[in-house]
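Protein sequence lines correspond, in order, to chains A and B.
Heads up: the first sequence at position 15 corresponds to 0 in my numbering, and the numbers run straight through without jumps.
Heads up: the second sequence at position 330 corresponds to 315 in my numbering, and the numbers run straight through without jumps.
For reference, the structure discussed in these notes is given below.
Protein chains: 2
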Amino acid sequence: MTHTPDTGLELLSAEDRISRVLSLREAGDDQSLAELIAGWHGGEVAEVLEGLPSPDRNLLWSLLPEAIHSDVLSYLHDRVRAGLLESIPTEDAVAATLEMEPPDLAEVIASVSDELGEAIMESLGSDERSQVEESLAYPEASAGRLMETEWVAVRGDVSLEVVSRYVRRRGSLPPHTDGLMVVDREGHYEGKLAVDALLTRNPEQLVMDVMQAEADCVAVDTEQSQVAALFQRRDLVSVAVVDRERRLVGRIVVDDVMGIIRAEAEQPLMQMAGLEQGEDLFAPVLISARRRLLWLGTNLLTAFLASWVIGRFQATLDQIVALAVLMPIVASMGGIAGSQTLTLAIRGLALGQITDANTRWLAWKEIAIAAINGLVWALVVGVVAWSWFGIPGIALVLGLAMIVNLFAAAASGLAIPLVLERVGLDPALSGSVILTTVTDVVGFVSFLGLATWLLL
Amino acid sequence: MTHTPDTGLELLSAEDRISRVLSLREAGDDQSLAELIAGWHGGEVAEVLEGLPSPDRNLLWSLLPEAIHSDVLSYLHDRVRAGLLESIPTEDAVAATLEMEPPDLAEVIASVSDELGEAIMESLGSDERSQVEESLAYPEASAGRLMETEWVAVRGDVSLEVVSRYVRRRGSLPPHTDGLMVVDREGHYEGKLAVDALLTRNPEQLVMDVMQAEADCVAVDTEQSQVAALFQRRDLVSVAVVDRERRLVGRIVVDDVMGIIRAEAEQPLMQMAGLEQGEDLFAPVLISARRRLLWLGTNLLTAFLASWVIGRFQATLDQIVALAVLMPIVASMGGIAGSQTLTLAIRGLALGQITDANTRWLAWKEIAIAAINGLVWALVVGVVAWSWFGIPGIALVLGLAMIVNLFAAAASGLAIPLVLERVGLDPALSGSVILTTVTDVVGFVSFLGLATWLLL
């Protein structure tokens, strides 16, 4: 925080809020804590909850005015929300969801235990329940799961004046209404009447003459990542969602999309480290440990494979122990270079930039970079190894192995994610383990193999 | 692409468009290519340009109608845009920017070479030039650099009816106007009049009675990442930007923020692999190679340090060559476990979730996970090593070293990013190199050191 005079313009960051909460918490001053958070917006409370260890989460939750429970829940990430709801009595968890809209309810139900999900379902009226069931019937990560079901629809053959009177009588518009939906008698989507137009165009004009007929709409089964790309590509605030017959069924607004954009961009980082997308930093130890245990186990297999490879060359190592000293260099450089290519490829695939038609160009580029890197660093490690051990043969072997492994790294860094994507697996999830296996094995085999062949 | 009947509802992804362009390109059919892209929106063309190797980019650019050049430029990422503008004749580059708004122009000028930047500056009228200069005077990555300078302002003491008439006379609203700015006589920001209110409230009411007086505004020097967090926390479509005296100076809209959210979430992934945020996948080989060469060089230092550490134990290795075979396991598992902690910490810092007050809890959690992982995998590697080499002492040393290194990995995976952040360095940029250095050194020292001590 900068120390400018208080103009009321300092944005409080999540960090500032978390610090304040934790210091009141440590002082045991629950009264002041309740007062502090009482004026906060749901999104602000959610940010703070996500930055607290789980016991403190429950305390803060209990201090919140019940009226904002639903709002806070709608801002929390899946895992944090599920952890919180499952750690409080079921009736409190059900009560907290009472004010939520059906699409948000569906999201909650999909993320909590079956038991709690059923309890929430049972608390709903029949109308709401069928709306939630409808939402859950759409495939995961589809537009149908994301859309809101509140909108204002008008017909194309009425005048703007009539629409204005209708809106005024209605009394309010759903949040983020940048346009009204124009539909025909059967509910088919025809276009968007920008709110702008209502304010600026001649009131006697007909809706159909003023609306954007070519306004984007998306099918209800479109993937959310495609919807997010559309919002970014077209600078949208909202988009209509239609079924396969073009009947209007919902509306996606930009604030739901911001969450998707963030999650999508963050996913490869987390997955490449064997973490869950949206992993809860403050999850209880046992929950975090279980998943990480598996990840280390997977990587241990790779490490043992590398050891087994080295074991094949035990006789060579026995004769020239200097090889053992230099051995990790080639494997490690291959891993670093390969993960650069892998990261670029994974991001390129996520952005839809890599196609069959440009893969060849990319492969050529990565090979060319490997050649440059290989030659430069082979020379460097060769010179260093020579001056260290004084054996030109070892320097030669080290340099050659480096070149071999950097080529292998480039080729596999590109090929592994492409193949995984082709067979329908997530390249970010297992790409790095497979890559390390390749660069370790090629690194040790080339170095120790060349040494056996040339030096013994 | 699924093969449903064409309902006009299939969203064309970036990948689909890139494939079409490249296949027409290969067929040499520039005529059809020009027709294909003529109907595309600026954001769609930009997506395709970013997925083309650089020579193809220039061809596609030359086929574009000149009228949309500026629009396309405003969607391109910095690096791609700079590369494109610098590869075409200066007068064409200047012409392409002619239609851009001053804030976009400032962004272009900041990203291209000084020479081209000056040429663009010289082409501007004096009004525009001073607007651009004003924008460039704000600190990089501040709200001032992001904001648009077009808005509709009204006074609080007029009726909604008067506002409606004013807006109608004006004839249009700037894009993404979800509210009008309410300002006093001196231009101080007083609140937001939602467009909603104009449509639904009694026209005789005064603006000041209807406006949101507590509407968010941000100071012009606020960091863009803070602005993005505010948009997500509050579900905003636009926000007013004010100077330190609360005078209205601009307006940030959600589509600019989507780019920030994406870039922020993607940055750690790229930086941890030693790549640039927004790295151009299809950049020319020499440009890409230079940066990657440096990254490999940095990591080579780490590798040599590890080798030097191993070299200290050459005598031990000489006596028990089995140690050389098992040696990489401990270092590699430490690296994997440490990078999980590191990744979580880097993301937590970026989200503002980690504060002084909860660091202790986090440290305790990571240590506890390291203890569980250490015990489990120490046992496993011990058993495997025993059955492989039949020497219980080696198994014991391997298991103990594993436990030591997993603790070191947890401690340094958390401490390194916290210290880097504290001293003002970017944890994602150098965190992984430092971490690997620690886990390699501790891994080799603990394994070979314990072996020297216990087995010789």
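Ideal Cβ positions, reconstructed from N, Cα and C, are used throughout, including at glycine.
Just so it is clear, the structure is predicted and the values come from calculations on it, not from any experiment.
Query: Chain B contact residues for serine 4 of chain A, given Cβ-Cβ distances below 8 Å; Result: Thr340, Asp341, Ala342
Query: Straight-line Cα distance separating leucine 290 of chain A from threonine 422 of chain A; Result: 8 Å
Query: Separation of leucine 233 of chain A from alanine 138 of chain A, as counted between CA atoms; Result: 9 Å
Query: Of the listed residues B:Ala67, B:Asp99, B:Ser59, B:Gly164, nearest to valine 224 of chain B (C-alpha basis); Result: B:Gly164
Query: Selection from A:Leu101, A:Ser273, A:Ala(-1), A:Ser59 that minimises the alpha carbon distance to proline 74 of chain A; Result: A:Leu101
Query: Boundaries of the beta strand (DSSP E) in which isoleucine 376 of chain A is found, first to last residue; Result: Looking at the DSSP string, isoleucine 376 of chain A is not in any beta strand (DSSP E), and its letter there is neither H nor E.
Query: Leucine 327 of chain A versus methionine 318 of chain A - alpha carbon distance; Result: 14 Å
Query: Identified DSSP bridge partners for glycine 176 of chain A; Result: A:Val167
Query: Leucine 233 of chain A - partner residues in DSSP beta bridges; Result: A:Val227
Query: Cβ-based burial, tyrosine 151 of chain B [other Cβ within 10 Å; buried from 16]; Result: exposed
Query: Positions along the region 51 to 69 of chain B whose CB lies within less than 7 Å of some CB in chain A; Result: none
Query: For valine 139 of chain A, three-class secondary structure by DSSP; Result: strand
Query: Proximal chain B residues relative to threonine 185 of chain A, where beta-carbon distance stays under 8 Å; Result: Val152, Arg153, Arg155, Gly156, Ser157, Leu158
Query: Isoleucine 352 of chain A to alanine 322 of chain A span [Cα, whole Å]; Result: 11 Å
Query: Under 8 Å by beta carbon: chain B residues contacting serine 273 of chain A; Result: Lys350, Ile354
Query: Tryptophan 362 of chain B vs leucine 281 of chain A beta-carbon contact at 9 Å; Result: yes
Query: Chain-ordered chain A contacts of leucine 285 of chain B [CB-CB under 8 Å]; Result: Ile314, Met318, Trp362, Val365, Val366
Query: Any chain A beta carbon closer than 9 Å to leucine 441 of chain B; Result: no
Query: Option in A:Ala95, A:Leu145, A:Ala355 with minimal Cα separation from arginine 130 of chain A; Result: A:Ala95
Query: Inter-stretch contact (C-beta, 8 Å, three-pair minimum) for the region 38 to 58 of chain A and the region 16 to 28 of chain A; Result: yes
Query: Assigned secondary structure, leucine 191 of chain B (DSSP; H/G/I helix, E/B strand, else coil); Result: strand
Query: Secondary structure of glutamate 133 of chain A, DSSP reduced to three states; Result: strand
Query: Per-residue contacts from glycine 164 of chain B into chain A (C-beta, under 8 Å); Result: What glycine 164 of chain B touches in chain A: nothing, since even the nearest Cβ is about 11 Å away.
Query: Chain A contact for alanine 81 of chain B (CB, 9 Å cutoff); Result: no
Query: is_contact[valine 404 of chain A, chain B] using C-beta, thresh 9 Å; Result: no
Query: C-beta neighbour in chain B for alanine 258 of chain A, strict 9 Å; Result: yes
Query: Beta carbon of leucine -3 of chain B nearer than 9 Å to that of alanine 204 of chain A; Result: no
Query: Against chain A: residues of the region 83 to 99 of chain B by CB proximity under 8 Å; Result: none
Query: Bridge partner(s) assigned by DSSP for serine 144 of chain A; Result: A:Leu191
Query: Per-residue burial, aspartate 194 of chain B [other beta carbons within 10 Å of its own, 16 or more giving buried]; Result: exposed
Query: Below-9 Å beta-carbon distance, arginine 332 of chain A vs any chain B residue; Result: yes
Query: Coil, strand or helix - valine 203 of chain A by DSSP; Result: strand
Query: Whole-angstrom distance between alanine 19 of chain A and leucine 45 of chain A, CA atom to CA atom; Result: 8 Å
Query: Proximity of glutamate 0 of chain B and glycine 36 of chain B at Cβ, strictly below 9 Å; Result: yes
Query: Serine -2 of chain B - DSSP class collapsed to helix/strand/coil; Result: coil
Query: Partner residues on chain A for asparagine 358 of chain B, Cβ-Cβ distance less than 8 Å; Result: Ala274, Arg277, Leu278, Leu281
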